[in-house]
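Asks: In my numbering, the protein residues as written are 1 to 101.
Below you will find the structure I want to go over with you.
Here it is, written out as structure tokens:
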């Protein structure tokens, strides 16, 4: 059985948008750090789930290859997205550092 994807774009947008316009820079950076930490933790949980499913498949506990492949592809796409976001953040940082004041 295929599980419904849990990605909800509006929820992601709402989580990133500032809720308080009077927040200090330290508060904003703390919130952003927590957001990134939770995203990395979710990615790590997906990878752990794939390892568990692979082990169960090798032991013969799971006979449905589709379930294993779907979980593997979800984890792979999550990792690819994370790498692309990291690359864009580094690129933006380098562009800011090249600006003349």
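The beta-carbon is built from N, C-alpha and C at its ideal position, and this holds for glycine as well.
Predicted model, so just to flag it, every value in this text is computed and none were measured.
Please confirm whether residue 33 and residue 78 have their CB atoms less than 8 angstroms apart.
Replies: Not in contact: residue 33 and residue 78 (Cβ atoms no closer than 8 angstroms).
Asks: Report the option in 54, 101, 28, 35 whose CA atom is closest to the CA atom of residue 69.
Replies: The candidate whose alpha carbon is nearest that of residue 69 is 54.
Asks: Only counting runs of 3 or more residues, tell me where the beta strand (DSSP E) segments fall wholly within the segment 68-94, in order along the chain.
Replies: DSSP runs (the beta strand (DSSP E)) wholly in the segment 68-94: none.
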